[in-house]
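Going down the list, the sequences are from chains A and B. If you use the working numbering, the first sequence corresponds to residues 1 to 116, in order. If you use the working numbering, the second sequence corresponds to residues 1001 to 1114, in order.
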Amino acid sequence: SAVISQKPSRDICQRGTSLTIQCQVDSQVTMMFWYRQQPGQSLTLIATANQGSEATYESGFVIDKFPISRPNLTFSTLTVSNMSPEDSSIYLCSVEGDRGQMDTQYFGPGTRLTVL
Amino acid sequence: AQSVTQLDSHVSVSEGTPVLLRCNYSSSYSPSLFWYVQHPNKGLQLLLKYTSAATLVKGINGFEAEFKKSETSFHLTKPSAHMSDAAEYFCVVSYSGGYQKVTFGTGTKLQVIP
């Protein structure tokens, strides 16, 4: 399985600012995914990011609030824009498995965001 | 459409006793089913997965799950709980049909009492 790292691991931010979260994978992957896990809740998919195309957002999430970049096959960023306390969550990126395991997702360690 | 229901938000067991975490799913297609574990302040780790091969799936750390199509269930079990099993467990259904669609359950928090 791929090794996935995220930066930062945690941050405390002020209301109205933006934070960009980085996700780095140790192998080339076609699809990367961004999830949000609000306190005490399960994971919700924000968007799917394919290299070379615009990200596909799930219902309730918009590009202006969560712009995503996918410049190459090993890297993606998620920006949380104009933050409010309601954005306090863990943000996780994931990738699909190798050929033969493309139905399986592997997750990064997450970025714990607190907005004051 | 697909969905997954974890029937218990919290389960408490004594160390050394069996663990049962319940999961029911619905899917219009032949699904893949997974259990992930999340230890406090850690990321998600894949425990095991079912992908239409053997209905009894063995995972890491002594966990296993049985796919029962007639009951649309995929319950997670372990014969003997260990203190290190205390974590949150997520049941996940996935369908790959052109693009991957993953749905997470709401999670079950497992407490292990010494």
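For every residue, glycine included, the Cβ atom is placed at its ideal position computed from N, Cα and C.
Does residue i come within less than 9 angstroms of chain B when only Cβ atoms are used?
i        : result
A/Pro109 : yes
A/Phe75  : no
A/Pro8   : no
A/Ser69  : no
A/Phe66  : no
A/Phe61  : no
Examine chain A for any beta-carbon lying closer than 9 angstroms to the beta-carbon of residue i, and answer yes or no.
i         : result
B/Gly1098 : Reliability of the predicted coordinates at B/Gly1098 is poor, the pLDDT of 49 falling under 50, and the value obtained from them is presented with this limitation in mind. Output row for B/Gly1098: interface = no.
B/Ser1003 : no
B/Tyr1095 : yes
B/Gly1059 : no
For residue i, which option in the options has the closest C-alpha, if you only look at C-alpha atoms?
i         : options                                       : result
A/Gln105  : A/Met32, A/Ala49, A/Ser5 and A/Thr20          : A/Met32
B/Ala1086 : B/Thr1103, B/Glu1071, B/Thr1106 and B/Leu1110 : B/Leu1110
A/Asn72   : A/Leu19, A/Ile46, A/Thr20 and A/Gln24         : A/Gln24
A/Glu86   : A/Gln37, A/Asn50 and A/Thr48                  : A/Gln37
B/Val1092 : B/His1082, B/Leu1046 and B/Leu1033            : B/Leu1033
A/Glu96   : A/Pro67, A/Asn50, A/Ser84 and A/Arg112        : A/Asn50
A/Phe75   : A/Ser84, A/Val115 and A/Trp34                 : A/Trp34
B/Tyr1095 : B/Gln1006, B/Tyr1029 and B/Pro1018            : B/Tyr1029
A/Ile46   : A/Thr30, A/Thr56 and A/Ser27                  : A/Thr56
Is there contact between the region 58-66 of chain A and the region 1009-1023 of chain B, where contact requires at least three CB pairs shorter than 8 angstroms? no
When Cβ atoms are compared, which residues of the region 1064-1090 of chain B fall closer than 8 angstroms to chain A? Phe1090
Flag this pair as touching only if the region 1047-1066 of chain B and the region 1075-1095 of chain B have three or more C-beta atom pairs under 8 angstroms; answer yes or no. yes
In chain order, each beta strand (DSSP E) run of at least 3 residues that lies wholly inside the region 26-101 of chain A: 31-37, 43-50, 68-72, 75-80 and 89-96
Just by C-beta distance, which residues in the region 1041-1055 of chain B are closer than 9 angstroms to chain A? Asn1041, Lys1042, Gly1043, Leu1044, Gln1045, Leu1046, Lys1049 and Thr1051
Note down, in chain order, all residues in the region 33-47 of chain A with a beta-carbon under 7 angstroms from any beta-carbon belonging to chain B. Ser42, Leu43 and Leu45
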